[in-house]
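K.L.:
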Amino acid sequence: MAKIDLNKIWNDNQKISYFFYTNVCFLISGFASFVVGVWLYSSKNNFVELTPSSYSALSAAGLCVFTGVTICIIVAVGYLGVSYTNKPLFYSYIAFILLLILAHGTARTTGFLHKDEARENLRTSMLRNINATVVITKLGRELKLALTWDHLQRELECCGVNNYTDWYYSVHWPNNQYTPDSCCEPIHFQENSTMENCGKMPDDDTVLYQEGCFPKFADWLYHHITLVNWVTSVLFIVEVTLFILSLAVLGVLKRRKTKRRRSPRRERDPDVTSERIRLNSMDRIADARLDGESINSR
Numbered sequence: 137m138a139k140i141d142l143n144k145i146w147n148d149n150q151k152i153s154y155f156f157y158t159n160v161c162f163l164i165s166g167f168a169s170f171v172v173g174v175w176l177y178s179s180k181n182n183f184v185e186l187t188p189s190s191y192s193a194l195s196a197a198g199l200c201v202f203t204g205v206t207i208c209i210i211v212a213v214g215y216l217g218v219s220y221t222n223k224p225l226f227y228s229y230i231a232f233i234l235l236l237i238l239a240h241g242t243a244r245t246t247g248f249l250h251k252d253e254a255r256e257n258l259r260t261s262m263l264r265n266i267n268a269t270v271v272i273t274k275l276g277r278e279l280k281l282a283l284t285w286d287h288l289q290r291e292l293e294c295c296g297v298n299n300y301t302d303w304y305y306s307v308h309w310p311n312n313q314y315t316p317d318s319c320c321e322p323i324h325f326q327e328n329s330t331m332e333n334c335g336k337m338p339d340d341d342t343v344l345y346q347e348g349c350f351p352k353f354a355d356w357l358y359h360h361i362t363l364v365n366w367v368t369s370v371l372f373i374v375e376v377t378l379f380i381l382s383l384a385v386l387g388v389l390k391r392r393k394t395k396r397r398r399s400p401r402r403e404r405d406p407d408v409t410s411e412r413i414r415l416n417s418m419d420r421i422a423d424a425r426l427d428g429e430s431i432n433s434r
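According to the numbering used here, the stretch in the sequence shown is residues 137 to 434, in order.
#1: What residues in its chain sit with their C-beta under 8 Å from that of residue 243, if we drop five residues either side in the sequence?
#2: Look at residue 160 and residue 389 and say whether their C-beta atoms are less than 9 Å apart.
#3: Are the Cβ atoms of residue 435 and residue 305 separated by less than 9 Å?
#4: Rounded to whole angstroms, how far is the Cβ of residue 371 from the Cβ of residue 203, which I believe are closer than 8 Å?
#5: Alpha carbon to alpha carbon, how far is residue 147 from residue 384?
#6: State the Cα-Cα distance for the pair residue 196 and residue 366, rounded to the nearest angstrom.
#7: For residue 364, which residues of its own chain have a beta-carbon under 8 Å away from its beta-carbon, when the five flanking residues on both sides are left out?
#8: With a 10 Å radius around its C-beta and 16 neighbouring C-beta atoms as the bar for buried, classify residue 256 as buried or exposed.
#9: DSSP three-state call for residue 295: helix, strand or coil?
#10: My assumption, with CB atoms under 8 Å, is that residue 352 sits in contact with residue 294. Please give the rounded CB distance.
#11: Can you check which of these residues, 324, 205, 240 and 357, is closest to residue 341 by C-alpha distance?
#12: Leaving aside the five residues before and after residue 221 along the sequence, list all residues of the same chain whose C-beta is less than 7 Å from its C-beta, in chain order.
#13: Which residues in the same chain as residue 347 place their Cβ atom closer than 6 Å to its Cβ, once the five residues preceding and following it in sequence are excluded?
#14: Quick one: what's got a C-beta closer than 6 Å to residue 226's C-beta in the same chain, skipping five residues either side?
#15: Give me, in chain order, the residues of the same chain whose beta-carbon lies closer than 8 Å to that of residue 292; leave out the 5 immediate sequence neighbours on both sides.
#16: Looking at C-alpha atoms only, which residue of 165, 284 and 311 is the closest neighbour of residue 319?
#17: Do you know how far the Cα of residue 259 is from the Cα of residue 337?
#18: Contact check, residue 228 vs residue 211 under 8 Å by CB: the rounded distance?
#19: For the alpha helix (DSSP H) containing residue 342, list its first residue and its last residue.
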């Protein structure tokens with residue numbers, strides 16, 4: 137059975153090669169995280185006002201974009217630290233990698249443990265917003281929730297949170313069992329007929345969407361969160377691998393710096409050079425004397 141030569145696959149040069157290759161993978165993962173963040177931001181962001189900020193798709197988008205930009209900076213710091221044998225830069229690189237491991241590990245664990253709690257918080261937030269007229273965005277502007285609900289219900293083909301009865305006696309019509317017109321299902325109306333005030337027909341609820349928006353909206357939101365979790369998991373694995381390789385490369389940098397300090401000193405030291413010359417001359421004298429003695433003995 138052939139033996140594996142560890143010196144060929146785990147020498148100093150190979151360690152640095154593995155480090156650079158893994159950093160390329162890390163950079164690609166960071167770019168993918170950035171793209172996912174941009175996509176999350178542009179995908180149905182009109183719905184985010186109906187959700188708690190901590191479970192918003194925009195929060196996940198911001199995390200992905202921030203992670204992508206941070207990774208690009210960290211990879212550059214690591215490359216410069218190894219290329220110029222700069223230990224302070226490389227120590228900064230290792231510290232950043234360790235912080236990302238802790239952040240992504242915590243985010244992944246928290247998301248897994250509190251999945252059911254997050255789902256109920258989403259339901260509560262939607263029920264609270266169904267009776268609100270406006271909401272103040274993070275930018276300080278007022279947003280009419282009626283427009284957001286209309287867009288959501290038409291887009292997802294649903295009505296209310298659990299069902300259409302959630303709209304009964306809302307602040308918009310406190311004494312009536314009405315629903316918004318966006319709850320009306322178009323297939324129940326003729327092509328040329330109007331759907332105006334169709335939600336104000338309490339005797340005919342068959343024209344309304346029967347399914348609530350919570351299941352569909354939760355599935356849409358958690359589809360995005362699941363994608364973020366996959367990106368986080370891949371980054372976590374790459375970061376742990378890089379942390380291990382970084383410790384190995386740190387040993388290589390220390391050995392190389394020690395060799396550079398020793399070799400120039402010996403070459404530039406005149407005392408060492410002159411002593412070598414004296415020793416060499418004495419060696420030649422001794423060799424000549426030994427040669428003379430050997431001739432005489434003959």
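Heads up, the beta-carbon is just placed ideally off N, CA and C, and yes, glycines get one too.
This structure is a prediction, so every number in the text was calculated from the model and none was measured.
P.N.:
Let me spell this out:
#1: 199 and 368
#2: no
#3: Limits of the chain in this structure are 137 at one end and 434 at the other, which puts residue 435 out of reach.
#4: 7 Å
#5: 10 Å
#6: Taken atom to atom, the span from the alpha-carbon of residue 196 to that of residue 366 is near 12 Å.
#7: 172, 176, 196, 199 and 200
#8: exposed
#9: Coil.
#10: 5 Å
#11: 324
#12: 389, 392 and 393
#13: The residues are 294.
#14: 217
#15: 349, 352, 353 and 356
#16: 284
#17: 27 Å
#18: At roughly 12 Å, the Cβ-Cβ gap does not stay under 8 Å, so residue 228 and residue 211 are not in contact.
#19: First-last for residue 342: undefined, no H or E at that position.
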